[in-house]
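Protein chains in written order, with the numbering used here: chain E, 1436 to 2211; chain D, 2 to 350.
Structure record follows, encoded as structure tokens.
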């Protein structure tokens, strides 16, 4: 096979990495499960209409659907669950025959959720054995947290599978994220089903009560392993018995037993959290708890005078912040219990007491005393790292206060709106603004303008409120502020523009590829005689092997990276520093034409030593030539792989691979023109242009690395006063208006230019003795 | 031949990455066109309603707010004013429901939905209830009374005692006392109608300055599709299901099922605007989600048809059917959220 063809196959092989894993639609578990669920619903409706025969037919349809479409895989992955569902479906047929409406309702609820349980087990098993296609196929058979105007369904599991597919996560990490998303969802659904069952009982809707009880029991089965791990097998058995009792009471219409069991479950499930919060989430909730709690007495004191409510809105705000603090506390509760159950209990009681004091219009000093006490307990209980500045929780609180501006304007209470505006601004000034001024001063100015006098496009809040502007006007400015805060959150996250990453990756790959092509072309061209041409294949084989070795190096480097991912942004900073070192070496290599010439000469010397003018070739010479081809290419490949890992951390493997594809495309084009068409390109100019481009990549990389190091606190942030750099320049060129970033970029530029002049000087020094010797 | 093969391979390599950058085109502008068309029509009927309320108020004022005398002396003029007001409400309500998915689902516009159609009174929900007060011409103030469609409906059809005068009036002159034939409190009706018209105008202006984005469209879908239980809940409590036992003052004229059907129609319009984008990620999922939305609308429409044909659902049946709709809607919204994640579309909370 021609060597060029091998190269193309290798390139196409890499291209093939971009193709999606396309799931077959012939087997569609979510659709089959939905059909099964609807068949059971139809059975329920038929029973309601008194048509037992139709109900029986519908349950048999459900049974067949399960047996034909879902059972084969359920049986192999989770035989216990399969057996549970099979039995339940058999019971459903009997219940339809005998017209047991409530029993069918409970059974229907249980079967529906058991199918989700099966799906979860299939997905976990598929991820563990690396069967991504099955995981993708089954994951959509799941439930979602109830989506409201204020919350969205979680996408963590979907994203985890996508990242597993693109190599950004390893199977263990993806499994952990998928499990955490599903467990969190099902815990929320368990709570909801229990509440709904209780509400249905109060309304006298026995059908719904039975169905939700069945669902709750089945949701608990999904969470049972986590419950058992945290509370022990005895407690687990007790809870399972409670759920069985709940379902029995609902079917039997025994409201006393139902109510007692419901209360028992509510009490015993307090503090249980199937998926503990991640450190990042815990820190965010901790920030919310502290900030929201601090705002409660401030609002309350403004709303009450001498035991009388003088301002409803302030009291509402106090309620809102208390509820926010309480929600954050509930999320942290299981973690806090582990730290100190007594203090956690005290905080819980104090939060309830604070709410009661607001409800009963208690003395503000008494409420303040409770808040102070709660704050002291919280400060002593929360780990210090949770209490460090967190942009996310800062933003949550600011946005929450801004909502109060809108509320006040709707009610025509402009003075209160102004008070809320000042409060939000004060929160901004407390910490977020300093960081924003460092990374995106333009945005910081825009936000400040929107709070006060406004921008060219929009009047500011202060102006609007002072002029008692129309609600629509205020809303538009508030909306602008919210958009600006969204952008601020993004900036503080510090991502590069994907296009910039693609460009940087392609420049590096093209540049290194160009060097490889030139070295290979030079070596091949030197094998001119008919005899020597026979050795070309060995060199090309070596180059091909280097290509494969580069791909393997990529895999190893990437696995290492994945292994080190828990280091988070610190890993990004470390790898970025390595990438900068690689770039500096490349730049040095570029300017020192002495090295370049010497490097090429070295290859030629090795080639001559290997051949020694001989026509016949020995095994060791073959090996030597293959090694020569290999080393000439692998050096470039190794550098490229090291550099690209930093970009992978920044933007993900798929984005980087797009850049790699573009770079390889350029390299392939140059290779084709050089080797196949035997045409000569302006190589020197190309090397200079790509060298300058790499210099730009280096400066961008330094800017981003400094930014990451500032985010993680490895470098201080000193804003350059009066200098505004648009955010897009940060995304594209790593330019942020901080002294640290700009100075280090200047230093790098000086190093590169200095390196150039040093190289020139060395060349002159090298030439002078030569000239002198020629002259003499 | 060999050279051609090489050129083909190179071109293929060029085409491959280009394909990665290719983006499906979407027409989210169609959502705004749809919204503006409906809101413009709403403005017309809000103005009609306001004018009719003013006519009625002037008649009442002339009668010294003696409603019995008013009905006795100005029967025809009073009937014309109130029937016009009711007619305007009956046209405005479905017009709004058709765009409620957009209004309620887009963060910039969502507060309008609270004020117009979704918000309860401040007393019922101090945090999330409506935020406006109604100041009447006689000096009375109704603090945060609940959404405007609801206030107008209960005033015009007399389902809230405090909003009526207690004077029965055979408005359609058919010699029988039909449902909703009482004279409303003129000052309250006028204040509500004026606020309603002003809010619709405000909505129009805000919507005019709104540039719909793909994020808006996805947010509207994820937020609004899974609200079935709220609507079925109000249907269950309404007189369409509860009959004379109904305690709910709203949703007495148009069945909530019709509202749900209209809302879903609007959401299908939104879905169609982003469908090409979803097609680019997962064609099978795209057609599945669209089909699920249509199935859900058909499901609701079937129930509405049965109701129109005379079936009276029991509250427990309404609960069962509502729960089924909510389950389906939640699944659809969840899948749309997953697609949004794969498209890196942020859904603001």
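The beta carbon of each residue, even a glycine, is placed where N, CA and C say it ideally should be.
- Here residue 2154 of chain E carries a strand assignment [DSSP, helix/strand/coil].
- Between residue 172 of chain D and residue 84 of chain D a beta carbon distance of about 6 Å is seen, short of the 8 Å cut, so the two are scored as contacting.
- Residues of chain D whose Cβ lies closer than 7 Å to the Cβ of residue 1832 of chain E do not exist; the shortest such Cβ separation is about 14 Å.
- Of all residues in the region 2073-2098 of chain E, only 2093, 2096 and 2097 place a beta-carbon less than 7 Å from a beta-carbon of chain D.
- Note on geometry: alpha-carbon atoms of residue 1880 of chain E and residue 112 of chain D lie some 28 Å from one another.
- Considering only beta carbons, the part of the region 316-328 of chain D lying closer than 7 Å to chain E consists of 317, 318, 320, 321, 324 and 325, in chain order.
- Partner residues in the beta bridge of residue 1740 of chain E, as assigned by DSSP, are E/1743.
- The residues 82, in chain order, have a CB closer than 7 Å to that of residue 56 of chain D in the same chain once the five nearest residues on each side in sequence are set aside.
- Around residue 169 of chain D, the same chain offers 178, 182 and 183 as residues with beta carbons nearer than 7 Å, after the five sequence neighbours per side are excluded.
- The C-beta of residue 2103 of chain E has 16 or more other C-beta atoms within 10 Å across all chains shown, which makes the residue buried.
- With contacts defined by Cβ atoms closer than 8 Å, residue 227 of chain D and residue 330 of chain D form a contacting pair.
- Residue 176 of chain D counts as exposed, since fewer than 16 other beta carbons sit within 10 angstroms of its beta carbon.
- Rounded to whole angstroms, residue 300 of chain D and residue 1517 of chain E show a C-alpha spacing of 31 Å.
- When rounded, the separation of the alpha-carbon atoms in residue 1726 of chain E and residue 1832 of chain E is 7 Å.
- Taking CB atoms only, residue 66 of chain D has no neighbour in chain E less than 8 Å away.
- In this structure residue 1798 of chain E is exposed. Its beta-carbon is surrounded by fewer than 16 other beta-carbon atoms within 10 angstroms.
- Contacts with chain E at 8 Å (Cβ-Cβ) include residue 128 of chain D.
- Residue 175 of chain D sits in coil when the DSSP states are folded into three classes, being neither helix nor strand.
- Residues 1659, 1662 and 1663 of the same chain have their beta carbon placed closer than 8 Å to that of residue 1671 of chain E, with the five preceding and five following residues left out of the count.
- Against chain E, the CB of residue 260 of chain D has no partner CB under 8 Å away; the residue lies outside that interface.
- Within chain D, the residues whose beta carbon sits less than 7 Å from that of residue 1907 of chain E are 203, 206 and 207, listed in sequence order.
- In the three-state reduction of the DSSP assignment, residue 75 of chain D falls in the coil class.
- DSSP links residue 127 of chain D through a beta bridge to no other residue.
- Interface with chain D (8 Å Cβ-Cβ cutoff): residue 1575 of chain E is included.
- Chain-ordered, the chain D residues with CB closer than 8 Å to the CB of residue 1483 of chain E read 318 and 321.
- Contact residues of the region 1748-1771 of chain E toward chain D are 1750, 1751, 1754, 1755 and 1758 (C-beta to C-beta distance below 9 Å).
- Nearest CB-CB separation between residue 227 of chain D and chain E: below the 8 Å threshold.
- By the neighbour-count criterion, in which a residue is buried when 16 or more other Cβ atoms sit within 10 angstroms of its Cβ, residue 1767 of chain E is buried.
- Looking only at E/1553, E/1477 and E/1523, the smallest Cα-Cα distance to residue 1514 of chain E is reached by E/1553.
- In the structure shown, residue 1536 of chain E adopts helical secondary structure according to DSSP, grouped into three states.
- With contacts defined as CB atoms closer than 8 Å, residue 1730 of chain E and residue 1810 of chain E fail to qualify as a contacting pair.
- The shortest CA-to-CA distance from residue 1521 of chain E to any of E/1898, E/1541, E/2123 and E/1499 is the one to E/1499.
- Under the three-state reduction of DSSP, residue 214 of chain D is assigned to coil, being neither helix nor strand.
- Against chain D, the CB of residue 1886 of chain E has no partner CB under 8 Å away; the residue lies outside that interface.
- Here residue 142 of chain D is exposed. Its C-beta has fewer than 16 other C-beta atoms within 10 Å.
- Along the length of the region 1638-1710 of chain E, whole beta strand (DSSP E) runs at least 3 residues long do not occur.
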